[in-house]
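Trainee:
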Amino acid sequence: MGCDIHEHYEIRLNGRWEVAELHPLPDTSGLSPEEEDRIFEAHWAHPLELGRDYDLFALLAGVRNTIEIEPIATPRGLPGDLSAALQAAWAEAEVWCHHPSWLTLDELLRFDWDQPLRDLDLSEVGVNRRLDREVRTYRDLGQATGLLSRVVPYLQTRVADPADLRVVFWFDN
C-alpha cells in the first residue's frame, strides 16, 4: 500500500495562524472528462505539488525512510496554535493518518542543506531513480525532490517574513 502526504499551509496574520489556500484541489464537478483532465494536469504541475515521493517524506519527517537519513525534523505533532480549520481537518484524518508535523519556511531556509547525507545507501529503491544525478548532500536531495527547486522558492513569494508561513502535514497509508 502506498503512502501519501497531506500538506496544508498556514500564514500568520496579526499574530494568528490562518489557512492559506496556496494549492487547493480544483472543483471539476460538471466538467467533461477532457476538461477535468486538463484542469488536473495543470493542478499536478503546480510548484507546491509534492506527489508521492518517499525520499521527500524521509527528508521532511523520516517517513518511508528507506535511505535512512536524518530528517529535517523528527515528527513533532501538530503546533499548539494550529488554526481551527486545520484542527478540524486533522480530527477527520487522524484515524487513518500518522506522523503529523510542521515546518516553518524560516526553518527550511535556515537548515544546513550543505551537510552530507551520511551512510547513504545508494542501492535503495528510492535513490535508484535519482542515480542520474549526484545525491550526496541534503541540498542535492532537496533539489532532486523539488523541495528546494520548486516548493521553497514559491513559498518565499508568499510572505515577507519566512517565520510567518508554515507547512503542516501528515501521512496516510
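The opening residue of the sequence shown carries number 540 in this note's numbering; numbering runs sequentially from there. Glycine included, C-beta positions come from ideal geometry on N, C-alpha and C. Given the structure is predicted, the values throughout are model-derived calculations rather than measurements.
Helix, strand or coil: how does DSSP classify L598 here?
Mentor: Here DSSP, grouped into helix, strand and coil, assigns L598 to helix.
Trainee: Bridge partners of A559, per DSSP?
Mentor: Partner(s): Y548.
Trainee: Just to check, is the beta-carbon of D592 closer than 7 Å to a non-hydrogen atom of the ligand COA?
Mentor: What this structure holds is no ligand at all, so the ligand COA is not there to describe.
Trainee: For H637 and Y593, what's the separation of their Cα atoms in angstroms?
Mentor: Taking the straight line from one Cα to the other gives about 15 Å.
Trainee: Identify whether V698 lies in helix, strand or coil by the three-state DSSP scheme.
Mentor: coil
Trainee: Run through DSSP, which three-state label would T613 get?
Mentor: coil
Trainee: Below 8 Å on the Cβ atoms is my guess for L589 versus L598; work out the distance and round it to an integer in Å.
Mentor: So it is not a contact: roughly 11 Å between Cβ atoms.
Trainee: By DSSP, does T643 sit in helix, in strand, or in coil?
Mentor: Reduced to three states, the DSSP call for T643 is strand.
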